[in-house]
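Participant: Going down the list, the protein sequences come from chains A and B. So the first sequence is numbered by full-length UniProt numbering: it starts at 1 and just counts up by one. So the second sequence is numbered by full-length UniProt numbering: it starts at 1 and just counts up by one.
There are 2 protein chains.
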Amino acid sequence: MNDLGTRARAAAGPLSIATPARKNAALGEMASALERNRDAILAANATDMANGEAAGLSAALLDRLKLDPSRIAAMADGIRAIASLEDPVGSVIAEWDRPNGLRIERVRTPLGVIGVIYESRPNVTADAGALCLKAGNAVILRGGSDSAHSSAAIHACLVEGLEKAGLPADAIQRVPVTDRAAVGEMLKGLGGNIDVIVPRGGRSLVERVQNDARVPVFAHLEGICHLYLDRSAESGMALSIAVNAKMRRTGICGAAETLLVDRAAADQLLVPVLQALSEAGCEIRGDAEVRTRFPAALPATEEDWRTEYLDAIISVKLVDGIGGAIDHIGTWSSHHTEAIVAEDAAAVERFFNEIDSAILLHNASTQFADGGEFGMGAEIGIATGKMHARGPVGVEQLTSFKYRVRGTGQIRPV
Amino acid sequence: MNDLGTRARAAAGPLSIATPARKNAALGEMASALERNRDAILAANATDMANGEAAGLSAALLDRLKLDPSRIAAMADGIRAIASLEDPVGSVIAEWDRPNGLRIERVRTPLGVIGVIYESRPNVTADAGALCLKAGNAVILRGGSDSAHSSAAIHACLVEGLEKAGLPADAIQRVPVTDRAAVGEMLKGLGGNIDVIVPRGGRSLVERVQNDARVPVFAHLEGICHLYLDRSAESGMALSIAVNAKMRRTGICGAAETLLVDRAAADQLLVPVLQALSEAGCEIRGDAEVRTRFPAALPATEEDWRTEYLDAIISVKLVDGIGGAIDHIGTWSSHHTEAIVAEDAAAVERFFNEIDSAILLHNASTQFADGGEFGMGAEIGIATGKMHARGPVGVEQLTSFKYRVRGTGQIRPV
Chain A
1 MNDLGTRARA
11 AAGPLSIATP
21 ARKNAALGEM
31 ASALERNRDA
41 ILAANATDMA
51 NGEAAGLSAA
61 LLDRLKLDPS
71 RIAAMADGIR
81 AIASLEDPVG
91 SVIAEWDRPN
101 GLRIERVRTP
111 LGVIGVIYES
121 RPNVTADAGA
131 LCLKAGNAVI
141 LRGGSDSAHS
151 SAAIHACLVE
161 GLEKAGLPAD
171 AIQRVPVTDR
181 AAVGEMLKGL
191 GGNIDVIVPR
201 GGRSLVERVQ
211 NDARVPVFAH
221 LEGICHLYLD
231 RSAESGMALS
241 IAVNAKMRRT
251 GICGAAETLL
261 VDRAAADQLL
271 VPVLQALSEA
281 GCEIRGDAEV
291 RTRFPAALPA
301 TEEDWRTEYL
311 DAIISVKLVD
321 GIGGAIDHIG
331 TWSSHHTEAI
341 VAEDAAAVER
351 FFNEIDSAIL
361 LHNASTQFAD
371 GGEFGMGAEI
381 GIATGKMHAR
391 GPVGVEQLTS
401 FKYRVRGTGQ
411 IRPV
Chain B
1 MNDLGTRARA
11 AAGPLSIATP
21 ARKNAALGEM
31 ASALERNRDA
41 ILAANATDMA
51 NGEAAGLSAA
61 LLDRLKLDPS
71 RIAAMADGIR
81 AIASLEDPVG
91 SVIAEWDRPN
101 GLRIERVRTP
111 LGVIGVIYES
121 RPNVTADAGA
131 LCLKAGNAVI
141 LRGGSDSAHS
151 SAAIHACLVE
161 GLEKAGLPAD
171 AIQRVPVTDR
181 AAVGEMLKGL
191 GGNIDVIVPR
201 GGRSLVERVQ
211 NDARVPVFAH
221 LEGICHLYLD
231 RSAESGMALS
241 IAVNAKMRRT
251 GICGAAETLL
261 VDRAAADQLL
271 VPVLQALSEA
281 GCEIRGDAEV
291 RTRFPAALPA
301 TEEDWRTEYL
311 DAIISVKLVD
321 GIGGAIDHIG
331 TWSSHHTEAI
341 VAEDAAAVER
351 FFNEIDSAIL
361 LHNASTQFAD
371 GGEFGMGAEI
381 GIATGKMHAR
391 GPVGVEQLTS
401 FKYRVRGTGQ
411 IRPV
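1. Measure the C-alpha to C-alpha separation of B/R406 and A/A364 and round it to an integer number of angstroms.
2. Relative to the C-alpha of B/M237, which residue among B/V159, B/V273 and B/H226 is closest?
3. So is B/A213 in contact with chain A if we call contact Cβ pairs under 7 angstroms?
4. Do you know offhand how far B/L269's Cα is from B/S235's?
5. Using a C-beta to C-beta distance shorter than 8 angstroms, which residues of chain B count as neighbours of A/T109?
6. Provide the residue span of the alpha helix (DSSP H) that contains A/Q268, from first to last.
7. When the Cα atoms are used, what is the spatial distance from B/T331 to B/V217?
8. Can you pull the DSSP bridge partners for A/Y403?
9. Classify A/R200 as helix, strand or coil using the three-state DSSP reduction.
10. Could you give the uninterrupted runs of the beta strand (DSSP E) lying entirely in the segment 102-172 of chain B, keeping only those of 3 residues or more?
11. Kindly identify the DSSP beta-bridge partner or partners of A/T258.
12. Can a CB atom of chain A be found closer than 7 angstroms to the CB of B/H149?
13. Which of helix, strand or coil does DSSP assign to A/A339?
14. When the Cα atoms are used, what is the spatial distance from A/G13 to A/E163?
15. Quick check: is the beta carbon of B/L270 nearer than 7 angstroms to any beta carbon in chain A?
16. Can a CB atom of chain B be found closer than 7 angstroms to the CB of A/H336?
17. Which word fits A/P413, buried or exposed, when buried means at least 16 other C-beta atoms lie within 10 angstroms of its C-beta?
18. Once the 5 residues before and after B/D195 are set aside, which same chain residues still bring their CB inside 6 angstroms of it?
19. Starting from B/R38, follow its DSSP beta bridges and name the residues at the other end.
20. Taking only beta carbons into account, state which residues of the segment 228-244 of chain B come closer than 9 angstroms to chain A, listed in chain order.
21. Quick one: what's A/A364 bridged to in DSSP?
22. Check the C-beta distance from A/I93 over to A/R103 and give it rounded, since I have them as a contact under 8 angstroms.
23. In chain B, which residues lie less than 8 angstroms from A/K402 when you measure between Cβ atoms?
24. State the Cα-Cα distance for the pair A/I154 and A/I41, rounded to the nearest angstrom.
25. Are at least three pairs of beta-carbons, each pair with one atom in the segment 346-359 of chain B and one in the segment 285-297 of chain B, less than 8 angstroms apart?
26. Considering only residues of the same chain and omitting the five flanking positions on each side of A/A369, which have a CB-CB separation below 6 angstroms?
27. Distance check for A/I82 and A/G372, CA to CA, integer angstroms please.
28. Quick one, which of A/V175, A/A156, A/C132 and A/L158 has its alpha-carbon nearest A/D3's?
29. How long is the line joining the alpha carbons of B/T384 and A/R38, rounded to whole angstroms?
30. Apply the 10 Å Cβ neighbour rule to A/D179 and answer buried if 16 or more other Cβ atoms are within range, or exposed otherwise.
31. Is any beta-carbon of chain B found at less than 7 angstroms from that of residue 430 of chain A?
32. Under a CB-based cut-off of 7 angstroms, is A/N363 close to chain B?
33. Would you call the segment 381-397 of chain A and the segment 180-192 of chain A in contact, with 3 or more CB pairs under 8 angstroms?
34. Is A/P14 close to chain B, meaning its C-beta is less than 7 angstroms from at least one C-beta of that chain?
35. Assuming A/K317 and A/D344 form a contact by the criterion Cβ under 8 angstroms, report the distance between their Cβ atoms to the nearest whole angstrom.
36. State whether the segment 215-234 of chain B contacts the segment 138-153 of chain B, with contact taken as three or more CB pairs (one from each stretch) at a distance under 8 angstroms.
Okay, here's the thing in structure tokens:
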């Protein structure tokens, strides 16, 4: 494993100064290789699927594992979309002049070597490899064992792209899934050769990575996203956003888990919104006050306020206006994403200022919490930490920076 | 100790939404309190000095420890200068519109709670407390035991300023130096209540913090700064920058430690530059080639390339042009600061692109590696890591960010 780290670090050097054209050429070759090797990838995936079925994987896991021609085409398109993004490396983030004539620029640089640990989703191999390359980083990929054959076949296409473009093959390495100790060693940083770890997967994976990693981690443990409907909310908008935030997809981290309704607006908002959610197939869990007004609701306990259902269930509570919403969110939020529906500008500004979550939305669905929706092109995940990256982690967030100072002979006075 | 952490976290909430006016009022009150309590601070310092002398502290350590009226005035002025900086919290770093009408802003937020661990320099108490407050962060200060009385007297002034401005006194807490286990507990993060640790001091302190911290660290272990004189260098400039980079102050992290001279320019540059350094009182250590040309030089061994002298000593080597300089720096640099003197734009661009250190300078002294010189107003240190902060760590680097998304009822299509 340490050899993998040394090779990644060695590859990171030439990669960090590779031109945008060369990196994009590699990405283009990767996409073509995925298309050209479609049948081989499907055959490898068929092996994984057969093994998975024999091992009794759930239908949901098998669906995540399964590839078909359209999913392979989507992977190739995704890589081409990453190629079309602006190259972050070398871009000037800020520049200013000093009174002594020095001109200072802060410019983006690659981070170095990224470790990505993920579950059995073959497409992450392609996405993560391409995103890291675009930002000039070497990457070490460790995917789930159930997708081993699929990932290996996809990885071979990525390496083919690197080699055709004249970039080091070690820029995208894959850890053999047979190496059981690999994850633990990656979390320790492979002797200083991994700069950041990105876990992609469910709570137990992220929790292990966050607890055990000795290098920085870009991740979120959970997305307990809140939607607050203020007394000033336009009721049609409140209704459509509530249904979308909860029910568009219930299994994503940006799905709303708790609905907070301003007590002052309970009469006009609460029942129609809960009715609409219920009709859309959502289970309602409310506190005593909510159940009085909407008797079909099941009882919510404190446990509900801390639960990310990732399912068609929502917890509901009446609060005393924007202050009550801020208090509840301050207590229970996972600092991922929260939204307010309101027409009152003062309430919106308090929501924006006083809540410290990665993403805050006004009059929009929490389900926009996504790098693609933010215009970042692609994301490797969403981070809820405050160090370096926060919110969607796209190519920019996979970079660091350095200063370039241009002088004309300046020396520093004593 | 964990109580300290809990109280810091509790203070960080109101602090994060304190107005710039209120934070600046607190800073102004702190500066006034330092001036008003000058005699008490000097008396406390006299106790520390007497204890230090009795304990046999070196003259250098005693000088760092000593306060006098002008040093106290400088501390107060430093705090007022921090008050006059632009408030980073809430400032919009980037903003853009999406095709669906969503408007996205990335705005600065405080980091949370900063732990500062430093040696017996009383002024760090004031500097670090004020900088963290300006960026909206709570801070836990742990200074060296030799400065215990001085730091306590200064800390009392900071708390007075907080209280007079109506900010929580727990925003700036000081760990009693009698608590020997405190540093270890801070490095573990006080139960999730410290977000980042900043060590200020010598190599052994920084090394311990970097090795043992379980939270992110902003620091540099050493500054092995290189100065490269290219064949295209203007010789007068090369000479003055070399002398300034090494000799202006030899004990700071931005002082040059290794001089690399383009072999093609050795005839015209090497001897005059070494002569000037030597006349300025610098010991020259050269490789065999350098010693042939400049026999007064002592022999340099591999150990010299990895040594931060922090003294009037420089190691010198001839290299094969810009490529040779990049190779040497890539092997031995501590990624802090490097400078090139050259008129050849292509050499400068290679230097800027291919070297990955926090600060790169062209035709300017390495001694400009300083937050004040960068126009940041003040710095809490210089970081050589690539995560979050890099180079001088000023108020901006003590912040994180969040996203504010403004919509008009947008829901995400299925």
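Positions of the beta carbon are idealized from the N, C-alpha and C atoms, including for glycine.
Facilitator: So, from the listed chains and residues:
1. Translated into the one-based positions of the second sequence, residue 406 of chain B becomes position 406. Translated into the one-based positions of the first sequence, residue 364 of chain A becomes position 364. Rounded to the nearest angstrom, the gap between the Cα atoms of B/R406 and A/A364 is 7 angstroms.
2. Here residue 237 of chain B corresponds to residue number 237 of the second sequence, with the count starting at 1. Measuring from the Cα of B/M237, the nearest candidate turns out to be B/V273.
3. In the second sequence, residue 213 of chain B corresponds to position 213, counting from 1. Residue-level contact check: B/A213 does not touch chain A, since none of the beta carbons of chain A fall below 7 angstroms from its beta carbon.
4. Working through the second sequence from its first residue, we reach residue 269 of chain B at position 269. Working through the second sequence from its first residue, we reach residue 235 of chain B at position 235. C-alpha separation (whole angstroms): 6 angstroms.
5. Sequence index remark: in the first sequence, residue 109 of chain A carries index 109 (1-based). Against A/T109, the close residues of chain B are D356 and K386, in the order they occur along the chain (beta-carbon pairs closer than 8 angstroms).
6. On the first sequence, residue 268 of chain A is found 268 positions in, with the first residue counted as 1. Here A/Q268 belongs to no alpha helix (DSSP H), and DSSP marks it neither H nor E.
7. Mapped onto the second sequence, residue 331 of chain B falls at position 331. Mapped onto the second sequence, residue 217 of chain B falls at position 217. Here the alpha carbon of B/T331 sits roughly 24 angstroms from the alpha carbon of B/V217.
8. Residue 403 of chain A sits at position 403 when you count from the first residue of the first sequence. Its beta-bridge partners are A/R106 and B/I359.
9. As a position in the first sequence, residue 200 of chain A is number 200, starting the count at 1. DSSP, reduced to helix, strand and coil, places A/R200 within a strand of the structure shown.
10. Those beta strand (DSSP E) runs which fall completely within the segment 102-172 of chain B and span 3+ residues are 103-110, 113-118 and 138-142.
11. Indexing the first sequence from 1 puts residue 258 of chain A at position 258. A/T258 pairs with A/H226 and A/S315.
12. Counting from 1 along the second sequence, the entry for residue 149 of chain B is found at position 149. So no, B/H149 is outside the interface.
13. Locating residue 339 of chain A in the first sequence gives position 339, where the first residue counts as 1. Residue state, collapsed to three classes: strand.
14. Numbered from 1 along the first sequence, position 13 holds the residue referred to as residue 13 of chain A. Numbered from 1 along the first sequence, position 163 holds the residue referred to as residue 163 of chain A. The C-alpha of A/E163 is placed about 16 angstroms away from the C-alpha of A/G13.
15. Mapped onto the second sequence, residue 270 of chain B falls at position 270. Judged by the 7 angstroms Cβ criterion, B/L270 is not in contact with chain A.
16. Within the first sequence, the letter at position 336 stands for residue 336 of chain A. Under the 7 angstroms criterion on CB atoms, A/H336 is classed as non-interfacial with respect to chain B.
17. Within the first sequence, numbered from 1, the residue matching residue 413 of chain A stands at position 413. Exposed: under 16 other Cβ atoms inside 10 Å.
18. As a position in the second sequence, residue 195 of chain B is number 195, starting the count at 1. If the five residues before and after B/D195 are omitted, its C-beta is found closer than 6 angstroms to the C-beta atoms of L111, G112 and V113, all from its own chain and listed in chain order.
19. For this step, residue 38 of chain B is matched to residue 38 along the second sequence. Answer is none; B/R38 lacks a bridge partner.
20. Identification of residues in the segment 228-244 of chain B having a C-beta nearer than 9 angstroms to some C-beta of chain A yields E234, G236, M237, S240, I241, V243 and N244, given in sequence order.
21. Working through the first sequence from its first residue, we reach residue 364 of chain A at position 364. Residue pairing by DSSP puts A/A364 in a beta bridge opposite B/Q410.
22. One-based indexing of the first sequence puts residue 93 of chain A at position 93. One-based indexing of the first sequence puts residue 103 of chain A at position 103. A/I93 to A/R103, Cβ: 14 angstroms. No contact.
23. Your numbering for residue 402 of chain A matches position 402 in the first sequence. Going along chain B in sequence order, the residues near A/K402 (Cβ under 8 angstroms) are D356, S357, A358, I359, L360, R390 and G391.
24. Walking along the first sequence from the start, residue 154 of chain A turns up at place 154. Walking along the first sequence from the start, residue 41 of chain A turns up at place 41. Whole-angstrom Cα-Cα distance: 7 angstroms.
25. The way I'd put it, the segment 346-359 of chain B doesn't touch the segment 285-297 of chain B; fewer than three beta-carbon pairs between them come closer than 8 angstroms.
26. Locating residue 369 of chain A in the first sequence gives position 369, where the first residue counts as 1. Excluding residues up to 5 positions away in sequence, G254, T337 and I359 lie with their Cβ nearer than 6 angstroms to the Cβ of A/A369 in the same chain.
27. Start at 1 with the first residue of the first sequence, and residue 372 of chain A comes out as number 372. Start at 1 with the first residue of the first sequence, and residue 82 of chain A comes out as number 82. Answer to the nearest angstrom: the Cα atoms are 11 angstroms apart.
28. Locating residue 3 of chain A in the first sequence gives position 3, where the first residue counts as 1. Of the listed residues, the one whose Cα sits closest to A/D3 is A/V175.
29. As a position in the second sequence, residue 384 of chain B is number 384, starting the count at 1. As a position in the first sequence, residue 38 of chain A is number 38, starting the count at 1. CA-to-CA, the gap between B/T384 and A/R38 works out to about 44 angstroms.
30. Along the first sequence, one-based indexing puts residue 179 of chain A at 179. The residue in question, A/D179, is exposed, as its Cβ has fewer than 16 Cβ neighbours within 10 Å.
31. Summary: the structure shown does not reach residue 430 of chain A, with chain A confined to residues 1 through 414, and so no result is reported for it.
32. The residue you call residue 363 of chain A lines up with position 363 of the first sequence. Yes, A/N363 counts as interfacial toward chain B.
33. As far as the Cβ criterion goes, the segment 381-397 of chain A does not touch the segment 180-192 of chain A, which means the pair count is below three.
34. Taking the first sequence and counting its residues from 1, one reaches residue 14 of chain A at position 14. No, A/P14 lies away from the interface with chain B (no Cβ there is under 7 angstroms from its Cβ).
35. Within the first sequence, the letter at position 317 stands for residue 317 of chain A. Within the first sequence, the letter at position 344 stands for residue 344 of chain A. So it is not a contact: roughly 20 angstroms between Cβ atoms.
36. Too few Cβ pairs lie closer than 8 angstroms, so no.
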